[in-house]
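These notes are about the structure you will find just below.
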Amino acid sequence: MEVNVKLFATLRDGRFKEEKANINENTQISDVISKYNIPREEVKICLINGRDADLNQILKNGDTLSLFPPVGGG
Amino acid sequence: MKEILTPRYERNYKTISVEDQKKLADSTIAIVGCGGLGGTMAEEFARLGAGRLILVDGDTIDETNLNRQLFSTEYNIGAKKVEAARQRLQAVNSSVKLTLIDDWFNQDNAADIFSGANLVCDALDSIQRRIDLEESCHRLNKPLVYAGIAGWFGMLGVSLPGDYSVLKVFKDGKENDRGVEKTWGNPAFTPWVMSSLAVAEAIKIIVGREPALRNSWLQADLLYMEFETFEISK
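If you read the sequences in order, they're chains R and V. Read in the working numbering, the first sequence has 691 at position 73, and its numbers run on one by one without any break. Read in the working numbering, the second sequence has 46 at position 40, and its numbers run on one by one without any break.
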């Protein structure tokens, strides 16, 4: 199945802004993060279709996954 | 009133009416952190005519601040940040009263520090202290405007008592108190843009308008020049 993956801020560096990803059934958000070699501590917010989601949430066909890093400087 | 009806503010009147200017002059705004974000926020509030500013920062200026922090110059390396702020802000607008707190915010000193404040601005650089600050603002019934920066990127939002938006966005600072700014730094344009956006939200709260970023946050990307707002789940 296919999901739409959107990366934000520093997560785009060396990767992409938006990409269609082919994934297997029962793929969790954390599996997608691993697939793109994103260090776990660099993901602060996960949204599925605009709603807050946990790392272990399972993706469905057609979902849009948005990932954001912690941006905490002042 | 005579301090309001001066040429200093007259070109703002279509945007900030005389009545709103009076509300600003009667307001006390606390800024927690006088670094990249806080310095520019303080400058803008002084130019806008805030009545009193409470500035909270226990740090001193060093050379690494010169890339972005408004109060830092080649002449005041080693000075207390709040003292550098006083010198700059008095020169900008001497009618603004300043309460300078040469100390770090914590949950225990919050009630004293924020006494009389109508609004608090989070210009901190620690995720855990941002979460603590929101908790204090919730307890003390103060509206909060928060902003964070890293590299080309920033985020910004408003948290009113009970919203806990900072907690929902930053989640936890215990494991990683600093975000990706620890590798990406903060070049001048990012804090200046984000602090200006924060002040625009803050002014709306002071004059009684609806802020745009309650229960949502603005994600700013200055590399691709993208500004996108996301809802925060309740």
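Glycine residues also receive a C-beta, built at the ideal position from the N, C-alpha and C atoms.
| query | result |
| --- | --- |
| Expected contact under 8 Å - CB spacing of LYS77/V and ALA90/V to nearest Å | Looking at the sequence provided, one finds Phe at residue 77/V rather than Lys. Indeed, because the Cβ distance is near 4 Å, the residues count as touching under 8 Å. |
| TYR19/V to ALA116/V span [Cα, whole Å] | 34 Å |
| Same chain, Cβ closer than 8 Å to PHE51/V, five either side skipped, listed in chain order | ILE35, ILE37, LEU59, VAL102, VAL205, ALA208 |
| Close beta carbons around ARG658/R, own chain, < 7 Å, minus the five adjacent residues each side | ILE651 |
| Whole-number beta carbon distance between PHE686/R and PHE634/R, since they are thought to touch under 8 Å | Going by Cβ atoms, the distance from PHE634/R to PHE686/R rounds to 15 Å, so no, they are not a contact pair. |
| Span of the alpha helix (DSSP H) around CYS40/V | Run containing CYS40/V: none; DSSP gives neither H nor E here. |
| Inter-residue Cα distance where the pair is LEU150/V and VAL621/R | 36 Å |
| Environment of GLU187/V [buried if 16+ CB atoms lie within 10 Å] | buried |
| Beta-carbon proximity check, SER121/V vs ARG669/R, cutoff 8 Å | no |
| Complete runs of the alpha helix (DSSP H) confined to the region 95 to 132 of chain V [at least 4 residues] | 116 to 119 |
| Under the three-state DSSP convention, the category LYS253/V falls into | Given a span of 7 to 240 for chain V in the structure shown, any question on residue 253/V remains unanswerable. |
| Cross-chain neighbours of GLU659/R in chain A, by beta carbon under 8 Å | The chain labelled as chain A is not found among the protein chains of the depicted structure, namely R and V. |
| Length at least 3, wholly inside the region 619 to 656 of chain R: the beta strand (DSSP E) runs in chain order | 620 to 625, 636 to 640 |
| Cβ neighbour criterion (16 or more within 10 Å) applied to VAL62/V | buried |
| Closer than 9 Å at the beta carbon, the chain R residues around GLY157/V | ALA627, THR628, ASP631, VAL689, GLY691 |
| C-beta neighbour in chain R for GLU237/V, strict 8 Å | yes |
| Span of the beta strand (DSSP E) around SER165/V | 159 to 165 |
| Rounded C-alpha distance that separates LEU43/V from ASN642/R | 44 Å |
| contact_flag[the region 177 to 197 of chain V, the region 151 to 162 of chain V] where n(CB pairs < 8 Å) is 3 or more | yes |
| Status (buried if at least 16 other CB within 10 Å, exposed otherwise) for TYR81/V | exposed |
| Span separating the alpha-carbon of ARG630/R from that of ASP68/V | 32 Å |
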